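The block underneath contains the structure these notes are about, expressed in structure tokens.
Numbering (my numbering), first residue to last: 6 to 419.
This is the structure:
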């Protein structure tokens with residue numbers, strides 16, 4: 006890969022995740038402060054991510070893989086996304102906001118696969134080259150958080166009271182327009198499938214991989230993956246409103262610690278796999294969810310603020326040790342015939358079904374523990390997902406039997 010191509014792909018990844026990090030982290034707080042949303046309304050808005058994940062395979066399978074270059078579809082989706090971002094910026098209530106965020110997420114979620122497709126198409130050795138390109142996506146997410154907290158001060162106490170969080174959508178929209186236009190000068194990525202080839206629903210949704218559920222261990226992992234998405238949804242939906250409401254300064258910037266942690270622990274997965282095996286690695290990830298929420302439940306913005314920082318920093322263990330390890334495990338169990346189908350099925354089960362359930366549960370719990378003065382009993386809101394994560398941890402530890410299923414070559418995928 007030449008230097009010019011590397012720079013283009015790195016900038017593409019930076020902008021892709023800068024856009025997402027510009028508004029998604031602060032979304033819960035924006036909905037509460039600017040639009041006076043209830044917990045159930047907030048859950049409905051966050052659930053648009055799941056609907057986007059469910060619909061994304063159809064856009065990729067029916068359009069991107071068959072008719073048009075990936076970089077051109079990427080450009081069109083982000084330009085339309087910029088328009089929708091402007092509509093979200095101007096919305097004054099949840100009812101007006103919801104259709105635009107739903108439309109946006111249906112268009113945005115496919116772009117996550119498209120940027121990977123554009124990048125992989127330029128690589129001779131993806132196992133060695135991809136992580137260096139994807140790294141810039143993490144940097145983009147972190148920079149967005151730092152801008153919000155420390156450059157623009159949109160999430161400061163004064164900024165929140167003045168409704169400045171709506172500017173996150175303007176920032177995301179500008180970045181989306183830039184990436185949309187920039188996409189047309191990205192390396193050409195033509196369709197991989199003939200437009201005359203017959204489309205099968207089972208291929209699009211990865212349903213052929215359902216046969217893997219005959220393996221008891223894979224079935225236990227599959228169910229656990231869906232269940233662990235419930236605590237995950239609590240973090241996405243409630244972490245920023247929680248930190249903002251208890252008076253943590255620069256909450257968006259501090260949450261970027263989680264992305265830095267994610268990049269760091271990604272490098273540690275191969276070490277854990279070799280030394281401890283898949284089961285222990287997964288269990289560490291599950292236990293980290295319970296620990297982080299216990300830290301959130303009992304920490305505060307004062308003398309116990311270090312507990313909140315540790316909880317945020319555990320994001321790398323929580324996410325990488327379960328979800329990334331799970332992708333590697335799925336890849337090793339699927340075999341050559343079902344590899345793509347299995348990854349599609351896991352994505353549909355977690356970001357689709359699992360997160361959809363999780364956001365709904367998180368919204369119900371948050372509403373249930375709202376106090377008379379409008380504040381939230383955050384201690385209980387965090388103890389409940391900690392308990393759920395602990396139950397999943399116990400179920401997985403009892404019913405999953407570790408086998409040496411991950412060959413040496415699979416470790417390189419981390």
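Cβ coordinates follow ideal geometry from the N, Cα and C atoms, glycine included.
This structure is a prediction, so every number in the text was calculated from the model and none was measured.
From the DSSP output, read off the bridge partner residues of residue i.
i           : result
residue 384 : In DSSP, residue 384 forms no bridge with anything.
residue 375 : 381
Is residue j closer than 7 angstroms to residue i when the C-beta atoms are compared?
i           : j           : result
residue 171 : residue 94  : yes
residue 84  : residue 185 : yes
residue 110 : residue 53  : yes
residue 181 : residue 90  : yes
residue 239 : residue 383 : no
residue 394 : residue 295 : yes
residue 327 : residue 287 : yes
residue 40  : residue 106 : no
residue 138 : residue 18  : yes
residue 387 : residue 293 : no
residue 308 : residue 191 : no
residue 245 : residue 57  : no
residue 158 : residue 164 : yes
residue 364 : residue 102 : no
residue 306 : residue 263 : no
residue 23  : residue 145 : yes
residue 15  : residue 141 : yes
My assumption, with CB atoms under 8 angstroms, is that residue i sits in contact with residue j. Please give the rounded CB distance.
i           : j           : result
residue 250 : residue 320 : The Cβ separation is near 20 angstroms, so there is no contact.
residue 28  : residue 143 : Wrong, their Cβ atoms sit about 17 angstroms apart, outside the cutoff.
residue 291 : residue 403 : Not quite, the Cβ-Cβ distance comes to about 13 angstroms (not below 8 angstroms), so this is no contact.
residue 26  : residue 150 : 6 angstroms
residue 351 : residue 331 : 7 angstroms
residue 270 : residue 407 : Actually they are not in contact, since the Cβ atoms of residue 270 and residue 407 sit about 21 angstroms apart, beyond 8 angstroms.
residue 73  : residue 196 : 7 angstroms
residue 10  : residue 127 : 5 angstroms
residue 116 : residue 37  : Not quite, the Cβ-Cβ distance comes to about 27 angstroms (not below 8 angstroms), so this is no contact.
residue 112 : residue 86  : 5 angstroms
residue 224 : residue 339 : With a Cβ gap of about 14 angstroms, residue 224 and residue 339 do not count as contacting.
residue 55  : residue 361 : 4 angstroms
residue 298 : residue 391 : 4 angstroms
residue 399 : residue 229 : The Cβ separation is near 11 angstroms, so there is no contact.
residue 154 : residue 160 : 6 angstroms
residue 304 : residue 310 : 7 angstroms
residue 442 : residue 119 : Not covered by the structure: residue 442. The range shown for the chain is 6 to 419.
Note to self: Within 8 angstroms, do at least three Cβ pairs link the segment 269-284 to the segment 367-379?
What the structure shows: no
* Asked: Using 8 angstroms as the threshold, is the segment 372-381 in touch with the segment 251-264, meaning 3 or more CB pairs across them?
  -> no
Note to self: Would the segment 354-361 count as touching the segment 231-247 if we require 3 or more Cβ pairs under 8 angstroms?
What the structure shows: yes
Secondary structure, alpha helix (DSSP H): runs of 4+ residues fully inside the segment 279-352
310-318, 320-324, 330-352
| task | Determine, using beta-carbon pairs with one atom in the segment 92-107 and one in the segment 123-132, whether at least three such pairs fall under 8 angstroms. | result | no
Notebook entry, point to check: Is the segment 213-222 in contact with the segment 116-124, if contact means three or more CB pairs nearer than 8 angstroms?
Noted result: no
Which full runs of the alpha helix (DSSP H) of 4+ residues lie inside the segment 189-274, going along the chain?
-> 206-210, 221-250, 256-271
Continuous alpha helix (DSSP H) assignments of at least 4 residues falling wholly in the segment 120-168: 131-151, 162-166
Exercise for the section: Within the segment 22-93, note down every full beta strand (DSSP E) run reaching 3 residues or more, in order along the chain. Expected result: none
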